[in-house]
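Asks: First the structure, then my questions, so here it is.
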Amino acid sequence: MADTKEIISKIMEDLRQNNSRNFSEKVYTDQPILIPASKMKNFTPPKYRKMKAIARSYHSLDMSTAEIFYKQAKFMEAFEDDYEYYGDFVRYYPTYRDMNDEQLRGYFSWRTKIRHGQYDPAPLAFAFVYIYELLNGIGSTEPKDGFVKLQDFRENFGKIDNRIENYMKLWLNDFAVYYDLDPQLITDLARTDFDKNVLALENCADTDDDTLFSAITELSNYRIDRSKLYKNYSDIAEKAICEVFRKVCEYYAKNRKHGYCEKLFGKRASISYYMFSSAVFFDRIKRDNYEYSVSGVQKYRCENGFWTCEKYYGSRKKSTELGTLVKAVDRALRVKLGVEPYLKPDKITKTFEQIIEKIISERSSLSVKKTIEKELEPPREITIDISKLGQIRAAADVTCEKLITEEEAFDKTELEDINIDDISAEQMNDDKLASDELPLDDNEYEFLKLIIYKDEKSVRDFAKSRMLMISVIADSINDKLFDMFDDTVLEFESDIPNVIEDYLEELKGLIKP
10 MADTKEIISK IMEDLRQNNS RNFSEKVYTD QPILIPASKM KNFTPPKYRK
60 MKAIARSYHS LDMSTAEIFY KQAKFMEAFE DDYEYYGDFV RYYPTYRDMN
110 DEQLRGYFSW RTKIRHGQYD PAPLAFAFVY IYELLNGIGS TEPKDGFVKL
160 QDFRENFGKI DNRIENYMKL WLNDFAVYYD LDPQLITDLA RTDFDKNVLA
210 LENCADTDDD TLFSAITELS NYRIDRSKLY KNYSDIAEKA ICEVFRKVCE
260 YYAKNRKHGY CEKLFGKRAS ISYYMFSSAV FFDRIKRDNY EYSVSGVQKY
310 RCENGFWTCE KYYGSRKKST ELGTLVKAVD RALRVKLGVE PYLKPDKITK
360 TFEQIIEKII SERSSLSVKK TIEKELEPPR EITIDISKLG QIRAAADVTC
410 EKLITEEEAF DKTELEDINI DDISAEQMND DKLASDELPL DDNEYEFLKL
460 IIYKDEKSVR DFAKSRMLMI SVIADSINDK LFDMFDDTVL EFESDIPNVI
510 EDYLEELKGL IKP
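So for the sequence shown, our numbering puts the first residue at 10; every next one is plus one.
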């Protein structure tokens, strides 16, 4: 078979000869240019050259990088390509100007597949360029459509490369704020429940007990709602914890520069905010005198082009210090009410101890008083109609005789059909086996074994290898063993849980090293 180049050369030579022979008679028109297939991949569509020209134009001298990116993205918004790219592209804050022709074709071909629902692996910088486009309103019909596409990309491409996750949480939040979307779209991202609970604690003097106790439970790392004490004395526990918390807040208000809630969860303040931080974003709306409220606490404002965000600036995790206070109340109530096992004391201030002791004494006295009052209540009068006793006796005799007859019939028919030799030892011991087994899955059983025998490094390595959250699996174990022990068996004093000392030996008997 002749070489491709030779064939093309021969065709071109024939054309030249024909043209030279008929030069005077020739009418010249556009002629096709023959290109070998091997060189087609290097052919760059003219759309790319026009896009690059935008960045080199005279007008671009006064443009920021973000504005140039936006104008180029708008120009290429509907463009599609079909090109196989196997290279890489690494760049911080990537834009089109950072890509060569082959990388550009690779990006737009990959984007074409994304828009058709095909999520292929790609350089991380490609993913960020695509996200930047959506943040700038490129490729969406309206802001709500853009938000949905960002969520879709987060979910699908995040399975391929989860390095986008932390950025997506921030940018989805900012997207809803900037484009004035429904705050309900970002309640999870903004953690509005956290703000709501902290606000309830901050205004504890005017918050009812049910709301306050719920907020304390959600924000404390000690789960009082799973305590044996709470199961038996929920009303007393709720009242005592709420009263102790209010007294502690009152003490801080009078004797400290900062309140107790501020100490636990930080200060509520309004500070400068950078919309779409770490993204290439062109602010084309330029909002002014604008306010967006995510919750009663978290608010965003834009005045004269400057953004601020008002919220609690501090820890947004469950509080260990609040957990210590709640656990101290639990411990004191157990001692006062005789609920075993008694918890080991944690380090708390003398002031807190005095507040707890005072509240517990008042609660206990009130409980005893109510019990005494109930015992002293006059007994209810019961009137018996003696004339009807004979009728009741006769009806009882008939019923008794009928039951005896049915029981004898059962003895004769049912028991004759039962052969005790057919009952296996395994069936006879079913109840015993059920009570001896721990209702834990394999992961929970191994995790608890590591906790019991004090191997903290192995606990972390085990959780990491099985992709488990330590707090989640510990809560699951407490839930499953609650019916057996009538109490939680694991408690957190650090990031690794401990077995409550009263249950340690019993668990060692059930779980061997």
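A virtual CB, placed ideally from N, CA and C, is assigned to each residue, including glycine.
The structure displayed is predicted, hence computed values, not measured ones.
(1) R163 to D154, Cα distance in whole Å?
(2) Does the segment 204–220 come into contact with the segment 295–308, if we say contact requires no fewer than three beta-carbon pairs (one atom in each stretch) closer than 8 Å?
(3) Straight-line CA distance for F290 to A337?
(4) Establish whether the CB of P54 and some CB of chain B are separated by less than 9 Å.
(5) Taking the straight line between their C-alpha atoms, what separation do you get for E252 and V335?
(6) What does R277 pair with, by DSSP beta-bridge criteria?
(7) Name the two residues that bound the continuous alpha helix (DSSP H) containing Y454.
(8) Would you decide whether M177 is buried or exposed? Buried here means 16 or more other CB atoms lie within 10 Å of its CB.
(9) In whole angstroms, give me the CA-to-CA distance for D107 and L133.
(10) At the level of alpha carbons, what is the spacing between E500 and S324?
(11) Report the option in P506, D488, F494 whose CA atom is closest to the CA atom of K458.
(12) What is the rounded straight-line gap between the Cα of Y282 and the Cα of L181?
(13) What is the DSSP secondary structure of N507, reduced to helix, strand or coil?
(14) Using a 10 Å radius around the Cβ and a threshold of 16 neighbouring Cβ atoms, would you call E515 buried or exposed?
(15) If you reduce the DSSP assignment to three classes, tell me which class L513 lands in.
(16) Measure the C-alpha to C-alpha separation of I294 and C270 and round it to an integer number of angstroms.
(17) In angstroms with no decimal places, state the Cα-to-Cα distance between D218 and Y128.
(18) Of all the options L113, N165, D110, T104, which has the alpha carbon lying nearest to the alpha carbon of H125?
(19) Just verifying my parser: in three-state terms, what is the DSSP assignment at L499?
(20) Thinking C-alpha only, which one of E111, K83, Y239, P103 is nearest D90?
(21) For my contact list, M60 and Y105 are in at a C-beta cut-off of 8 Å; report their separation, rounded to the angstrom.
(22) With distance defined between alpha-carbon atoms, name the residue in L221, Y301, A209 nearest to D191.
(23) Apart from the five residues on each side of it in sequence, which residues of its chain come closer than 6 Å, Cβ to Cβ, to Y523?
(24) Are the CB atoms of V498 and I482 within a distance shorter than 9 Å?
Replies: Short version:
(1) Taking the straight line joining both Cα atoms gives about 14 Å.
(2) Contact between the segment 204–220 and the segment 295–308 is present, because at least three Cβ pairs lie under 8 Å.
(3) One alpha carbon belongs to F290, the other to A337, and they sit about 50 Å apart.
(4) The chain inventory of the structure shown lacks chain B, comprising one protein chain alone.
(5) In a straight line, the C-alpha of E252 is about 11 Å away from that of V335.
(6) R277 is bridged to Y321.
(7) 451–461 is the span of the alpha helix (DSSP H), which, as asked, contains Y454.
(8) Here M177 is buried: its Cβ has 16 or more other Cβ atoms, across all protein chains shown, within 10 Å.
(9) Between the C-alpha atoms of D107 and L133 there is a straight-line separation of about 14 Å.
(10) Taking the straight line joining both Cα atoms gives about 21 Å.
(11) Closest option to K458, judged by alpha-carbon separation, among P506, D488, F494: P506.
(12) Each residue's alpha carbon lies about 15 Å from the other.
(13) In the structure shown, N507 sits in a strand (DSSP, three-state: E or B).
(14) It is exposed - the Cβ of E515 has fewer than 16 other Cβ atoms within 10 Å.
(15) Secondary structure at L513: helix, using DSSP grouped into helix, strand and coil.
(16) In this structure, the alpha-carbon of I294 lies about 38 Å from that of C270.
(17) The C-alpha of D218 lies about 50 Å from the C-alpha of Y128.
(18) When only C-alpha atoms are compared, the closest one is N165.
(19) For L499, the secondary structure class from DSSP, reduced to helix, strand or coil, is strand.
(20) Comparing Cα-Cα distances from D90 to each of E111, K83, Y239, P103, the minimum goes to E111.
(21) Contact flag correct, Cβ pair sits at about 7 Å.
(22) Nearest of L221, Y301, A209 to D191, Cα basis: Y301.
(23) There is simply no residue 523 to check, as the chain begins at 10 and stops at 522 in what is shown.
(24) It is not a contact, given that the beta carbons lie outside the stated cut-off.
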